[in-house]
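Encoded as structure tokens, the structure appears first; notes follow it.
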Amino acid sequence: MTEFVFRSQSYLKTLDAVVTGIGEDGGISLDRTIFYAASGGQPNDTGRIIAGDRIVPVVNVVHPEGDKTRIAHLPAAESPAMSVGDRVTLELDWDKRHRLMRMHTALHLLSVVFPFPVTGGSIGEDKGRLDFDMPEVPENLAELEAKLNAMAAGNHAVSEEWITDDEMAANPGLIKTMKVKPPIGQGRVRLIRIGDVDLQPCGGTHVANTSEIGPLKLGKIEKKGAQNRRVALLFA
Ligand SMILES: [Zn+2]
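In terms of the numbering used here, the sequence shown is residues 1 to 236.
Given below as structure tokens:
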């Protein structure tokens with residue numbers, strides 16, 4: 001089992017850990033990690049695993065065999081070898097992670113401004129998008145963009161809380177995503193609360209306060225099927 005330290009401490013840029021396994025593909029398992037594995041539209045982190053003079057660039061981070069309770073850190077080709085029991089220091093590419101946290105949190109706000117079921121999404125360092133089950137494009141886009149920016153500038157605290165699977169099942173209204181189901185089956189589900197404006201299940205990393213997001217602008221709105229509209233979001 002790997003402790004997912006990035007969940008409760010998303011601002012940790014370095015962390016000491018111990019190597020607990022090396023996969024056949026070279027993937028390094030650790031007792032705890034700050035590296036986010038690609039999931040739910042948020043890309044994986046990159047960075048380094050350091051043991052003395054051995055520096056291993058981490059180029060990909062995955063859930064092995066889709067098992068969301070495990071994380072493997074894939075090293076760059078021809079990296080120095082790591083062994084089980086090695087005491088290591090983890091270092092994140094922080095600028096990338098922080099931009100992803102800002103955009104990820106901004107997409108939660110986008111789902112408030114566009115109150116339609118979400119059918120997909122992805123998060124990038126410069127741009128994100130959500131796909132909505134939204135038959136018509138709203139006419140008041142400038143107004144919606146202003147509302148989004150007012151919400152981001154509104155100093156709303158972002159916090160996590162946990163509910164049981166049963167509580168989740170009793171509150172289906174919390175789920176905005178039609179395709180990405182919350183991770184039920186581990187006994188509890190993580191919710192992300194943004195002040196009094198949003199509450200939804202999410203396993204990703206977010207900024208602590210919406211004021212960190214910065215100015216936003218709506219990008220293109222593309223038609224993706226009869227009902228679906230893809231809304232792009234950019235840092236202004
Ligand atoms: Zn999220």
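A virtual CB, placed ideally from N, CA and C, is assigned to each residue, including glycine. Just so we're clear, the structure is a prediction, and the values are computed from it rather than from any experiment.
Proximity below 7 Å, CB of residue i to CB of residue j
i    : j    : result
N44  : V56  : no
G47  : V58  : yes
L216 : A106 : yes
D131 : R230 : yes
D198 : V112 : yes
V84  : V5   : no
V158 : H104 : no
V189 : P172 : no
L144 : L109 : no
T89  : I28  : no
P80  : R54  : yes
G214 : H156 : no
Cβ-based burial, residue i [other Cβ within 10 Å; buried from 16]
i    : result
V118 : buried
S10  : buried
T164 : exposed
P75  : buried
R240 : Only positions 1 to 236 of the chain appear in the structure, and residue 240 is not among them; the question remains open.
M1   : exposed
K176 : buried
G203 : buried
A236 : exposed
A17  : buried
Integer-rounded CB distance, given that residue j should sit under 8 Å from residue i
i    : j    : result
G41  : G121 : 4 Å
L218 : L92  : Contact doesn't hold; Cβ gap of about 30 Å is too wide.
L233 : G128 : 5 Å
E212 : R102 : 6 Å
M151 : T210 : 7 Å
R7   : E139 : Not a contact, Cβ separation roughly 39 Å.
F116 : D133 : 6 Å
I22  : M82  : 7 Å
Cβ-heavy atom distance, residue i to ligand 2, below 6 Å
i   : result
S29 : Absent from the structure shown: ligand 2. Ligands present: ligand 1.
Residues around ligand 1, please: the ones whose beta-carbon is closer than 6 Å to some heavy atom of it, in chain order. H104, H108, I192, C202, G204, H206
Decide yes or no for the touch test of the stretch 60-76 against the stretch 25-39: beta carbon pairs closer than 8 Å, at least 3 of them. yes
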